[in-house]
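Heads up: the sequence shown at position 40 corresponds to 761 in my numbering, and the numbers run straight through without jumps. Below: one structure, written as structure tokens.
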Amino acid sequence: PGWVSRDLVSPAPPLVMNGILFAVSGGGPSAPQLTPAQRAQQARPAVLYALDASTGKELWNSGTSIAAPVFGVGPSGGDGQVYVVTYDGTVYAFGMPMEK
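Structure below.
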């Protein structure tokens with residue numbers, strides 16, 4: 722491999738846009754025996770990471786901006802925005818600077 726990212730808790734499928742890899746650390750256990758509600762109770766809020774797709778260097782993360790866990794749904798994006806949908810149905814939109 723060219724690079725390895727930090728460990729992510731229950732990672733969702735990543736998104737690559739404009740040379741940046743967006744990865745979500747879902748924050749929750751992936752134990753199949755738990756119901757979604759039980760998983761949500763044991764989970765921590767998700768974190769979105771922006772990594773340089775060439776080097777893996779962390780460029781930015783959402784910190785504590787996201788208030789709920791994400792279970793298996795990766796980020797989506799377009800028009801300079803990256804979207805993350807959490808377990809409770811909240812959609813978070815993060816802006817991305819447009820190149821000139």
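The beta carbon of each residue, even a glycine, is placed where N, CA and C say it ideally should be.
Exercise for the section: Check whether the Cβ atoms of Ala767 and Val745 lie closer than 8 Å to each other. Expected result: To locate residue 767, count along the sequence shown from 1; it is residue 46. To locate residue 745, count along the sequence shown from 1; it is residue 24. Yes, the Cβ-Cβ distance between Ala767 and Val745 is below 8 Å.
Problem - Cut-off 7 Å between Cβ atoms - residues of its own chain near Thr776, not counting five sequence neighbours on either side - result: What you label residue 776 is simply residue 55 of the sequence shown in a count that begins at 1. Within the same chain, Trp724 come within 7 Å of Thr776 by CB-CB distance, once the 5 residues on both sides are set aside.
Handout entry: Status (buried if at least 16 other CB within 10 Å, exposed otherwise) for Leu742
Key = By 1-based counting over the sequence shown, the position of residue 742 is 21. Per the 10 Å Cβ criterion, buried.
Handout entry: 8 Å Cβ cutoff met for Phe792 and Gly747
Key = In the sequence shown, residue 792 corresponds to position 71, counting from 1. In the sequence shown, residue 747 corresponds to position 26, counting from 1. Going by C-beta atoms, Phe792 is nearer than 8 Å to Gly747.
Practice task
Would you identify the three-state DSSP class for Ala744, choosing helix, strand or coil?
Solution key: Here the question's residue 744 lines up with position 23 in the sequence shown. Looking at Ala744 - three-state DSSP - the assignment turns out to be strand.
Handout entry: Three-state class that DSSP yields for Ala789 in the structure shown
Key = The sequence position of residue 789 within the sequence shown is 68, counting from 1. Ala789 falls in the coil class under three-state DSSP.
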